[in-house]
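Below: the structure, in structure tokens.
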Amino acid sequence: MKTSIFKNIIKTDNNASTLPLRLVAGIIFAAHGAQKLFAWFGGYGLDGTGQWMDSIGLGPGYLMAMMAGSAEFFGGLLLIAGLATRPSAAILAATMIVAIVKVHLVNGLFMANNGYEFALSLLAITITLMIHGGGKYSLDRQLNKTL
0 MKTSIFKNII
10 KTDNNASTLP
20 LRLVAGIIFA
30 AHGAQKLFAW
40 FGGYGLDGTG
50 QWMDSIGLGP
60 GYLMAMMAGS
70 AEFFGGLLLI
80 AGLATRPSAA
90 ILAATMIVAI
100 VKVHLVNGLF
110 MANNGYEFAL
120 SLLAITITLM
130 IHGGGKYSLD
140 RQLNKTL
């Protein structure tokens, strides 16, 4: 029974079309998560990101920064590997919905005004990965064949 549930979660097809989506989105998410968690790539780390999250009403800020940063960093790494693609994509999609609604929506569509177009693109990618899974070149596919 447990194997069947796990197998359904990691189920995917033999299509290679999700590979570029997984790699590009995974890199972007992991880098943004690293900004929040570790202050890499010009980010503010947990303290700075937490203070900002508190300032926009996402409190407690430190916890929210840790949750968002972890979802993005570890979810991004999982997407790159194609491991637990569907659940990782679902968590990242939820993260993008929060980002769109709480941060970007009031600024309109375009990125030039800090709008939601980039987050919307990432949301579309994560929803696609939720539907299709990791694809041919994923650890999910390899695990599913052995179970």
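According to numbering that gives the first Met the number 0, the sequence shown is numbered sequentially starting from 0. Backbone N, C-alpha and C fix where the C-beta goes; we use that ideal spot for every residue, glycine too.
Residue i classed as buried or exposed, judged by whether at least 16 other C-beta atoms fall within 10 angstroms
| i | result |
| --- | --- |
| Leu62 | exposed |
| Gly133 | buried |
| Gly49 | buried |
| Leu146 | exposed |
| Gly81 | buried |
| Ser137 | buried |
Pair within 8 Å by beta-carbon distance, residue i and residue j
| i | j | result |
| --- | --- | --- |
| Gly173 | Asp53 | No answer is possible for residue 173: it lies beyond the span of the chain, which begins at 0 and ends at 146. |
| Gly68 | Gly32 | yes |
| Leu121 | Ala24 | yes |
| Ile90 | Ile26 | no |
| Lys101 | Ala64 | no |
| Leu77 | Ala83 | yes |
| Thr17 | Asp139 | no |
| Ile99 | Ala118 | yes |
Selection from the options that minimises the alpha carbon distance to residue i
| i | options | result |
| --- | --- | --- |
| Val97 | Ile8, Leu78, Met66 and Leu22 | Met66 |
| Ala93 | Asn14, Ser137 and Phe28 | Phe28 |
| Gly44 | Phe72, Arg21, Pro86 and Met110 | Phe72 |
Whole-angstrom C-beta distance between residue j and residue i, which should lie under 8 Å
| i | j | result |
| --- | --- | --- |
| Phe40 | Ala30 | 6 Å |
Any C-beta of chain B under 8 Å from that of residue i
| i | result |
| --- | --- |
| Ala38 | Considering every chain present, this structure includes no chain B. It has just one protein chain. |
Proximal residues to residue i (C-beta, below 8 Å), its chain only, five neighbours per side dropped
| i | result |
| --- | --- |
| Thr125 | Ala24, Ala88, Ala89, Leu91, Ala92 and Met95 |
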